[in-house]
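K.L.:
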Amino acid sequence: MNFDSSVPVLLIASSLLPGLIIFTLREEQRGLRTTLNLMGASVKLLLVAVMLWGVHHGHAYETVIPFLPGFDLTFRADSLPMLFVTLSAVLWLLTTIYAIGYLEGSANRRRFFGFFSLCVSSTVGIAMAGDLFTLLVFYEMLTLTTYPLVVHRGTKQALRAGRTYLVYTLGGSVLLLLGIAWLYALTGDLCFKEAGRLGDLPGEYAPTLRLIFAMLVLGFGVKAALVPLHGWLPQAMVAPAPVSALLHAVAVVKAGAFGIVRVVSDVFGIEFANRLGVLTPLAVAASVTIIYGSLRALAQDDLKRRLAFSTVSQVSYIALGVALGTPLATIGGLVHLVHQGLMKITLFFCAGNLAERLHVHRISEMDGVGRKMPWTMGAFTLGAFGMIGVPPMAGFVSKWYLATGALQAGQPWVIGVLAASGLLNAAYFLPSVYRAWFRPPSGEVAERAPAGGVEITWWLLLPPLTTAALALGAGLLAASDFSPLAWAKVITGREFGL
Amino acid sequence: MNTPHPGLWAVLLVALPLALALAAYVAGRRIRPILVWIAPLAMAALVTGLIHSLIHQGPFRYEVGGWAPPLGITWKVDGLAAAMLAITASVMGAVCVYAPGYFAGSFKTAGAGKTELFWPLAYLLWASLNAFFLSADVFNLYVTLELMTLGSVGMIVLAGTAESLAAALRYLMLGLMASLLYLMGVALIYASYGSLDMVALGGQLRGDPLTWAAASLMIVGLLIKTALFPMHFWLPPAHAGAPAPVSALLSALVVKASFYLTLRLWFDVFPAVARPSAAQFLGVLGACAILWGAIQAFRADRLKTLIAYSTVAQLGYLFLLFPLAAAPAVAKKAWLGAILLALSHALAKAAMFLAAGRIQQLAGDDRLDRLTGIGQRAPLALSAMALAGVSLMGLPPSGGFAGKWMLLVAGVQSGQWWWALVLVAGGLLTAGYLFRFWAIAIAASDHPSQRVPVNWRMELPPFALGVAAVLIAFLATHAVELLEIGAAFPIGGTGEVAP
């Protein structure tokens, strides 16, 4: 095994091993646990940097591990996987730092960090999977390893959220299992290939392929929170803030969206899927999700619930992008995978800080918090503006490409969806920003506010500031060679053979 | 260098546990370290030796004591037999390490002398299981099957409660009835063909009514012993009522033995008589078992009852093999899938029962409503349960997933959609009852109890079995190579799985 083929395995091991070791530690071994966590996250980032350099220079990192007769575990890290891997690796490091600060002194940290690391290993496996079978294996592992995090607090409410999460995700798994087995029975091959490999099948398979497409997209749609499969996500916000960050930005909904991207672009191929006529229904479903999520978000007073419905809405931009079937829209969808992650994780970090420091959980309690926690609320504001799509934030770049892509596809109605969603985003984010900065703080907030010094520990402040800066940078420097946008353009170019 | 005759390994695999059973009965406590530590290691070495010679010298037959049939006993060793011997050694070894702690902790008051009987009975069971997997003629199989039943009944009674006594008696009655049915079939076969050897019979069986009747009697007898729905009712009280190490042996190994024989008869001896309609019927019973077992497991109010009903359901999966294998193109895939599933179920179920025993000891009871937050006090035992559960649910990456995936692909490829649906629905039901327990175990307890130090000798064996139930997926390619050695495969499947 040479270096190139061992890299994907190392990348998975860099979080898997620390996770497994953490399980064997005692609860009080805080120093060792923290060291392991940060070391794993740093090693992963280093490996990602090496791989980015390699992929940029035309390398592809491939590994095949024999598993079952006829079904190997294959990993292939080229441009599309690296987009997701980079996002996960960067956000994992930041979320780990945040979680160390956030869970200070609470129970069961060993279990938490162990499963947290396993989650990230599964996500990296999903990102690098070279075929649908491998993707399925890691996708299911992600389901299993997230459950203990969702129910982490062990309260009745948390257990109920965990049950809902399982019912939805395992239901999705059934569709995936059957769909993938059916596809295998039909074609005998599950490998991903740019522009797909189903185009050569005779025409009479079209109805079957449409059905398989629906099964796969619905299967992945559960984690991507496609309406009406989104019900688990708002409930899961009872979990601690770092878990919300993981669910909404690092791993879970992203894994669903990534699965949809894979199915559309590398199993069916965008052009073939377009000929099958399955992309327009997907675009409609994504649009409905975008509007519905925004409307529901508007009605929430609980900050984390509002953010959760906002995720429902925003993640569907990714599916919308690939479903429109044009290069520009695909760029918009792919780049939103990264942009949404950066912006949403910022918002969840900030919501966690408000709850932790000022016990503020509702929008109606947010009066004047900006004066008490200016750095946190500064990051929050940047994230919110990004979500609305204000230039020059990253969200604007995604929407711009989606809109021009929709015109290219001859589907101008999508512009209406995007505009409506932008307005709704503004309607549900601006009030909280306004309250935070322009209303006087309530008595309770003023009482709990820190009396000088830093507003909250650096463990909790640094991550949101970093992600907010990254979200800003991704927008400002979108034209540079190393922006997510440039990377998305490379991937799209390969998919469309441009 | 002179390599020993491969038959030597086989003889020792039966002789050593028999000798140990005698020694344990006579010497009891004084040789405890030998029973607990050295014997499992020695047996593991013997199995390794057997597998080694199997790989290098191919499958072989062995006439015990040099007596040729029909007088003597003939053994036959192929990949499937070796895999069963290996899994028996793994589970038995783990139970041997675990049992002293369990009996010391649970039965301080109730006549400690009686629990000493566990050892001779366990080694007797080990010897009869090994002899069973080695046997190549239908009568010897009957004898060893009977020995197994007697050993099992003896061990169930060790629990010493009135319920376990009733369960054991019911088990004994049904076991005897099942053996009688089987024996009647054997007698019919011997009367019309004059042979008891499975290989010899396989080539010459006719599809006449007499043979059909004999086959039916033998298979029905075995189905009762395998507790296939609706003949499962004896299993839950017996497996749930027995002491935990005994439950593990019964659920992991003993029911697998009769399934193993069903498999052998169906594919090696009776292919001429095995009708597609019979295969479909077995599949339907299997599907009912999956559903009914899961529903009962979900309603169970005790942890061990839950696990016992889970065995009923999981055994149902194995019977989906018969209809799936009726399609020649996917027969081999289904066969391998079912055996992988059986092997991983043995590991996972043993892990669950052993862990449940530890949990029962800590909580003083295994009623589910008393186990709130038990995960805090027995984290390692709960991890063992979780790992085993992943395999039972058939989620990746685990042995259960490997087996179910191959069955699923076989179902879809051969166009037998309904079996594929049963498979995935069964997985969901399993998740339903297992997560019901886990939610209780990891819930925040109202009155947090102080940490209990880990009892390594009771928590490590189930944990190791749980890990094995997961990791066996990564050995699946090797397991398949082993299983293919000497596999009689008369049903035409080429086993081509990848284009």
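Chains as they are written, first to last, in our numbering: chain Y, 94 to 591; chain S, 4 to 502.
Note that CB positions come from ideal geometry on N, CA and C, so glycine has one too.
#1: From the DSSP output, in three-state form, read off L166 (chain Y) for me.
#2: Apart from the five residues on each side of it in sequence, which residues of its chain come closer than 6 Å, Cβ to Cβ, to T236 (chain Y)?
#3: Below 7 Å CB to CB, which residues in the same chain sit around V408 (chain Y) once its five sequence neighbours on both sides are set aside?
#4: In the structure shown, what three-state DSSP assignment does I76 (chain S) receive?
#5: List the endpoints of the continuous beta strand (DSSP E) containing T480 (chain S).
#6: At what residue ranges does the segment 122 to 181 of chain Y contain a whole run of the alpha helix (DSSP H), taking only runs of 4 or more?
#7: Using 8 Å as the cut-off, can you tell me whether the segment 375 to 388 of chain Y makes contact with the segment 397 to 407 of chain Y, which would need three or more C-beta pairs spanning the two stretches below that distance?
#8: Measuring straight from C-alpha to C-alpha, what distance separates L339 (chain S) and A378 (chain Y)?
#9: Please state the DSSP three-state secondary structure of R532 (chain Y).
#10: Going by C-alpha distance, which of Y:S215, Y:E458 and Y:A200 is nearest S108 (chain Y)?
#11: Of the residues that make up the segment 423 to 448 of chain S, which ones have a beta carbon closer than 7 Å to any beta carbon in chain Y?
#12: Nearest-angstrom Cα distance between G147 (chain Y) and A170 (chain Y)?
#13: Which residues share a DSSP beta bridge with D200 (chain S)?
#14: At least one CB of chain Y closer than 9 Å to the CB of Q416 (chain S): is that the case?
#15: Just tell me which of S:P326, S:L318, S:A230 and S:Y196 has its CA closest to the CA of K352 (chain S).
#16: According to DSSP, which residues form a beta bridge with R64 (chain S)?
#17: Less than 6 Å between C-beta atoms, sequence neighbours within five positions excluded: which residues of the same chain meet that for A448 (chain Y)?
#18: Any beta carbon of chain S sitting closer than 9 Å to that of K249 (chain Y)?
#19: Rounded to the nearest angstrom, how far is the Cβ of L372 (chain Y) from that of G425 (chain Y), given a contact under 8 Å?
#20: Check whether the Cβ of E233 (chain Y) lies closer than 9 Å to any Cβ atom in chain S.
#21: Give the single residue among S:F63, S:A102, S:A71 and S:T51 whose Cα lies nearest to the Cα of R35 (chain S).
#22: Which same chain residues end up closer than 7 Å to L228 (chain Y) when comparing Cβ atoms and leaving out the 5 residues on each side of it in sequence?
#23: Give me the Cα-Cα distance between G114 (chain S) and F106 (chain S), rounded to the nearest whole angstrom.
#24: Just to make sure I have the definition right: I need the residues of chain Y whose C-beta is within less than 7 Å of the C-beta of M409 (chain S). Which are they?
#25: Specify the secondary structure class of A392 (chain Y) as computed by DSSP and reduced to three states.
#26: So does the segment 181 to 190 of chain S actually touch the segment 114 to 134 of chain S, counting three or more Cβ pairs closer than 8 Å?
#27: R587 (chain Y) CB to nearest chain S CB: under 9 Å?
#28: How many angstroms separate the CA atom of G495 (chain S) from the CA atom of P464 (chain S)?
#29: Under 7 Å between beta-carbons, which chain Y residues line up against L374 (chain S)? List them in chain order, please.
#30: Thinking L383 (chain S) and E462 (chain S) are a contact (beta carbons under 8 Å), I'd like their distance in whole angstroms, please.
#31: If you drop the 5 nearest sequence neighbours on each side, which residues of the same chain put their C-beta closer than 6 Å to that of L421 (chain Y)?
#32: Among Y:L176, Y:G264, Y:P174 and Y:L187, whose alpha-carbon lies nearest the alpha-carbon of L555 (chain Y)?
#33: Report all residues from its chain with a CB closer than 7 Å to the CB of A513 (chain Y); omit the five preceding and five following residues, and keep chain order.
#34: For R455 (chain Y), does the three-state DSSP call read helix, strand or coil?
#35: Rounded to the nearest angstrom, what separates Q363 (chain S) and K307 (chain S) at their Cα positions?
#36: Which word fits W70 (chain S), buried or exposed, when buried means at least 16 other C-beta atoms lie within 10 angstroms of its C-beta?
P.N.:
Let me spell this out:
#1: The residue you call residue 166 (chain Y) lines up with position 73 of the first sequence. Three-state result, L166 (chain Y): strand.
#2: The residue you call residue 236 (chain Y) lines up with position 143 of the first sequence. Contacts found: T262.
#3: Taking the first residue of the first sequence as position 1, residue 408 (chain Y) is located at position 315. Excluding positions up to five away in sequence, the list reads A317, A318, V346, A350 and Q433.
#4: The count along the second sequence starts at 1 and reaches residue 76 (chain S) at position 73. The answer is strand: DSSP assigns I76 (chain S) an E or B state.
#5: Position 477 of the second sequence holds residue 480 (chain S). Taken as a continuous stretch (DSSP letters only), T480 (chain S) belongs to no beta strand (DSSP E), being part of the alpha helix (DSSP H) at A479 to E487.
#6: 123 to 149
#7: yes
#8: Numbered from 1 along the second sequence, position 336 holds the residue referred to as residue 339 (chain S). Numbered from 1 along the first sequence, position 285 holds the residue referred to as residue 378 (chain Y). Cα to Cα, L339 (chain S) sits roughly 41 Å from A378 (chain Y).
#9: Against the first sequence, residue 532 (chain Y) aligns to sequence position 439. R532 (chain Y) falls in the coil class under three-state DSSP.
#10: Along the first sequence, read from residue 1 onward, the residue named residue 108 (chain Y) stands at position 15. Among Y:S215, Y:E458 and Y:A200, the Cα nearest to that of S108 (chain Y) belongs to Y:S215.
#11: A423, V427, L431, A434, F438, A442, I445, A446 and A447
#12: The residue you call residue 147 (chain Y) lines up with position 54 of the first sequence. The residue you call residue 170 (chain Y) lines up with position 77 of the first sequence. Between G147 (chain Y) and A170 (chain Y), the C-alpha separation is close to 10 Å.
#13: Reading the second sequence from its first residue, position 197 is the one you call residue 200 (chain S). D200 (chain S) is bridged to S:D140.
#14: The count along the second sequence starts at 1 and reaches residue 416 (chain S) at position 413. Yes, Q416 (chain S) lies at the interface with chain Y (some Cβ there is under 9 Å from its Cβ).
#15: Counting from 1 along the second sequence, the entry for residue 352 (chain S) is found at position 349. Here the closest residue by C-alpha is S:L318.
#16: As a first step, residue 64 (chain S) must be located in the second sequence, where it is residue number 61. S:K79, per the DSSP bridge assignment.
#17: Numbered from its first residue, the first sequence carries residue 448 (chain Y) at position 355. Closer than 6 Å at Cβ, skipping near neighbours: H454.
#18: Walking along the first sequence from the start, residue 249 (chain Y) turns up at place 156. Yes - at least one Cβ of chain S is within 9 Å of the one on K249 (chain Y).
#19: As a first step, residue 372 (chain Y) must be located in the first sequence, where it is residue number 279. As a first step, residue 425 (chain Y) must be located in the first sequence, where it is residue number 332. Going by Cβ atoms, the distance from L372 (chain Y) to G425 (chain Y) rounds to 15 Å, so no, they are not a contact pair.
#20: One-based indexing of the first sequence puts residue 233 (chain Y) at position 140. Yes, E233 (chain Y) lies at the interface with chain S (some Cβ there is under 9 Å from its Cβ).
#21: On the second sequence, residue 35 (chain S) is found 32 positions in, with the first residue counted as 1. Looking at the Cα atoms, S:A102 is the closest of the given residues.
#22: Here residue 228 (chain Y) is taken as the residue at index 135 of the first sequence, counted from 1. The residues are I219, A222, G352 and R355.
#23: In the second sequence, counting from the first residue as 1, residue 114 (chain S) sits at position 111. In the second sequence, counting from the first residue as 1, residue 106 (chain S) sits at position 103. In this predicted model, G114 (chain S) has a pLDDT of only 47, less than 50, meaning its place in the structure is not dependable enough to derive any value.
#24: Locating residue 409 (chain S) in the second sequence gives position 406, where the first residue counts as 1. Residues of chain Y passing the Cβ test: L161.
#25: Taking the first residue of the first sequence as 1, we reach residue 392 (chain Y) at position 299. Correct three-state label for A392 (chain Y): coil.
#26: no
#27: As a working note, residue 587 (chain Y) is residue 494 in the first sequence. No, R587 (chain Y) does not count as interfacial toward chain S.
#28: As a first step, residue 495 (chain S) is located in the second sequence; it is residue number 492 there, counting from the start. As a first step, residue 464 (chain S) is located in the second sequence; it is residue number 461 there, counting from the start. Because the pLDDT of G495 (chain S) is 40, which lies under 50, any placement of that residue in the model is unreliable, and the number read from its coordinates should be weighed accordingly. Answer to the nearest angstrom: the Cα atoms are 41 Å apart.
#29: The sequence position of residue 374 (chain S) within the second sequence is 371, counting from 1. Per Cβ cutoff of 7 Å: no residues; L374 (chain S) is ~13 Å from chain Y at best.
#30: Working through the second sequence from its first residue, we reach residue 383 (chain S) at position 380. Working through the second sequence from its first residue, we reach residue 462 (chain S) at position 459. Between E462 (chain S) and L383 (chain S) the Cβ distance is about 4 Å, and since that is below 8 Å, they are a contact.
#31: As a position in the first sequence, residue 421 (chain Y) is number 328, starting the count at 1. If we look at L421 (chain Y) and ignore the five residues flanking it on each side, its Cβ neighbours are Y494, T497, G498 and Q501.
#32: Position 462 of the first sequence, counting from 1, holds the residue named residue 555 (chain Y). Per the Cα distances, Y:L187.
#33: By one-based count along the first sequence, residue 513 (chain Y) stands at place 420. Around A513 (chain Y): I384.
#34: Taking the first residue of the first sequence as position 1, residue 455 (chain Y) is located at position 362. Strand.
#35: Taking the second sequence and counting its residues from 1, one reaches residue 363 (chain S) at position 360. Taking the second sequence and counting its residues from 1, one reaches residue 307 (chain S) at position 304. Whole-angstrom Cα-Cα distance: 9 Å.
#36: Here the question's residue 70 (chain S) lines up with position 67 in the second sequence. W70 (chain S) should be labelled exposed.
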